[in-house]
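Engineer: Everything in the sequence shown is counted per my numbering, starting at 828 for the first residue and increasing by one. Yeah, the Cβ is synthetic: ideal placement off N, Cα and C, and Gly gets one too.
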Amino acid sequence: MTRLSAAAAESYWDAVVAGDDRAAFDRLETALREGVPLPQVLRGMPLAAQHRIGTLWEADTWSVPQEHAATAVSQQVLQRLLTRGPPADADRGETVVVACVEREWHSLPALVLAVTLQHHGLHVDLLGADTSVERLHARLTDAPVRAVLLSASLSSAIPAAHRHVEASRAHGVPVIAGGSAFDRDGVRARAIGASAFAASAEAVLEQLDRLPARVPPVQPLTGPGPAAARRILHQERVVAARLVHATRQLAARLDRRPGDEATPSWCGVLVDAAPYCVGAVAAACLTGDEGVLDELGGWARRVLRPRAAPSGVHEAWWAALAEAVRDTDAGDVAHRMVVDVGAAVASGTADPEGKDRYPAPTDLDRPDVRD
Ligand code: B12
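#1: Would you kindly work out how many angstroms separate the C-alpha atoms of I985 and M1164, rounded to a whole number?
#2: Are the Cβ atoms of Y1103 and L963 separated by less than 8 Å?
#3: Give, in chain order, every unbroken run of the beta strand (DSSP E) that is at least 3 residues long and sits entirely within the region 869-930.
#4: Would R966 pass as a contact of L954 if the rule is Cβ separation under 8 Å?
#5: What first and last residue would you give for the alpha helix (DSSP H) that runs through S982?
#6: Quick one: give me the first and last residue of the beta strand (DSSP E) that L954 is part of.
#7: Taking 7 Å as the cut-off, does the CB of G1050 come closer than this to any heavy atom belonging to the ligand MN?
#8: Mind checking which residues open and close the alpha helix (DSSP H) that includes A1004?
#9: A917: buried (16+ other C-beta within 10 angstroms of its C-beta) or exposed?
#10: Note down the Cα distance separating A1110 from T829, rounded to an integer number of angstroms.
#11: Would you say the beta carbon of E885 is closer than 7 Å to some non-hydrogen atom of the ligand B12?
#12: Have a look at the DSSP bridge pairing and note the partners of A974.
#13: My output table needs one value for S1022: the three-state DSSP class, helix, strand or coil.
#14: Does the ligand B12 have a heavy atom nearer than 7 Å to the CB of G881?
#15: Buried or exposed: Q877, going by 16 or more other Cβ atoms within 10 Å of its Cβ?
#16: Apart from the five residues just before and just after P1188, which ones in its own chain have a Cβ nearer than 7 Å to its Cβ?
#17: Hey, would you say L883 sits closer than 8 Å to V939, going by beta carbons?
#18: Find the nearest neighbour of R1017 within the set R907, Q1046 and A845, judged by alpha-carbon distance.
#19: Please state if the CB of L1081 and the CB of V1140 are separated by a distance shorter than 8 Å.
#20: How far does the alpha helix (DSSP H) with A850 in it extend, from its first residue to its last?
#21: When you compare only the Cα positions, how much space is there between D848 and W889?
#22: One question on the structure: do A956 and E921 come within less than 8 Å of each other, judged by their Cβ atoms?
#23: Could you check where the alpha helix (DSSP H) with G1095 kicks off and where it finishes?
#24: How many Å lie between L1120 and A1004 at the Cα?
#25: Counting only the same chain and skipping the five closest in sequence on each side, list residues whose C-beta sits under 8 Å from that of R907.
#26: Please classify H796 as buried or exposed, where buried requires at least 16 other C-beta atoms within 10 Å of its C-beta.
#27: Between the region 1039-1056 and the region 995-1014, are three or more C-beta pairs nearer than 8 Å?
#28: By DSSP, does Q1046 sit in helix, in strand, or in coil?
#29: Within its chain, find whatever has a CB closer than 7 Å to the CB of V1166; leave out the 5 residues flanking it on each side and keep chain order.
#30: Starting from L935, follow the alpha helix (DSSP H) in both directions and report where the run begins and ends.
#31: On the three-state DSSP scale, how would you describe W932?
#32: Helix, strand or coil for R1015 per DSSP?
#33: Identify which residue in R1083, V1130, P1053 and R1084 has its Cα closest to the Cα of W1093.
#34: Please report the straight-line C-alpha distance between A988 and G1013, rounded to a whole angstrom.
#35: Taking the Cβ atom as the reference point for each residue, do W1144 and L1097 lie within a distance shorter than 8 Å?
#36: Mind checking G1050: buried by the 16 CB within 10 Å criterion, or exposed?
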């Protein structure tokens, strides 16, 4: 088996940085022609590039427009690969739907999944980013499907994933959930009624051999956690606006920069991400998994540090988040969860960095990238 060379991986990255999707596609094609297996090419080229982009943004080295432009390169490359259809000699004769849940704009993970599954002989209908429940219903009414594969990268998308699970199972179609919003033990996927969690395309193939052809509708989610999640989501804009206001006040109090009118960049990041943070609290309530909040806290630390946030910002912002959700009717459950996780970190009983759900693909899969 030919291995992907580090030089080939680097030349793909150079094309990404240059915004040159033709060159990127050529480099990927060359690796395939030389006999490097497709899954390894994907890990060493587009996935490695996305990870690198994420690291550069997190470190405040790259701006959001740079991140967008670079992601668009791999998006083009992968779309071109997808138009080829499954290899004739590996056709499994089954169709799966791959969809990102509502308000989930991270479409590239789903695209990589689609290309890989197609390579393994499945017919893939990719519905793409921000797929509405109505669109999913329409597709499932149209023609038979072996399974729906849901992709969510943001934990805040888990409540929306639950609506997709309801829709799919109302059609009797099994649902496999995946993406970095979910934990690898499948706790969150189970909580929202998915038939299975899978971390990779290969795991999907195994699940497809096991899952029944038809599944019953989901039971409604009951109990104080799901009720709290629903109420937070119902008032999401108000809660997010409160968090934004509190974050700006924090910047004014803790990060006065004489003569500098500009909002500190750490404040800008937290303000932009306020709806995501509120959604993450709702996801923690819906699934009963405090790990969602551990990850949120870890994310905040990782973005605050390189942006020179003054000490005390993280703790004060966490308290502001707890306050923002307390003021809703959902108050108790959500507020208690946020406070408990903050207290666990402060007392040293939790990992202050949160669990890292974004390890480099090389750490995850050992893609044998060598010189
Ligand atoms: C590119 C990018 C964007 C682009 C997305 C463009 C696009 N077309 O995809 C844009 C600019 C839109 C964006 C926006 C945001 N982003 Co963003 N983004 C990224 C970035 C840099 C890369 C994402 C990516 O392409 N990953 C590709 C690979 C690496 O993803 P992957 O999860 O490994 O995918 C594999 C598996 O998960 C699995 N898989 C995925 N889905 C499924 C499904 C099934 C069924 C199965 C079996 C497997 C499976 O297979 C995939 C392929 O192997 C990441 C950083 C990172 N390291 O990931 C941040 C990141 C994901 N974004 C983040 C955030 C916070 C946001 C915003 C909230 C920022 C904001 N302030 O508004 C918004 C939210 C927008 C929205 N509502 O969706 C955070 C998430 C933090 C967290 N802990 O949840 C990250 C980690 C960056 C960071 N450190 O802050 N983002």
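Structural biologist: The structure says:
#1: 17 Å
#2: no
#3: 922-927
#4: yes
#5: Here S982 belongs to no alpha helix (DSSP H), and DSSP marks it neither H nor E.
#6: H950 to G955
#7: No copy of the ligand MN occurs in the structure displayed; its ligands are the ligand B12 alone.
#8: First-last for A1004: V1002 to G1005, but that is the beta strand (DSSP E), not the alpha helix (DSSP H).
#9: exposed
#10: 43 Å
#11: yes
#12: V923
#13: coil
#14: yes
#15: buried
#16: Because the pLDDT of P1188 is 39, which lies under 50, any placement of that residue in the model is unreliable, and the question is left without a value.
#17: no
#18: Q1046
#19: yes
#20: D848 to R860
#21: 19 Å
#22: no
#23: S1092 to D1099
#24: 20 Å
#25: F852
#26: Because the chain spans 828 through 1198 in this model, residue 796 falls outside it and cannot be assessed.
#27: yes
#28: coil
#29: A1149
#30: L935 to H946
#31: coil
#32: helix
#33: V1130
#34: 14 Å
#35: yes
#36: exposed
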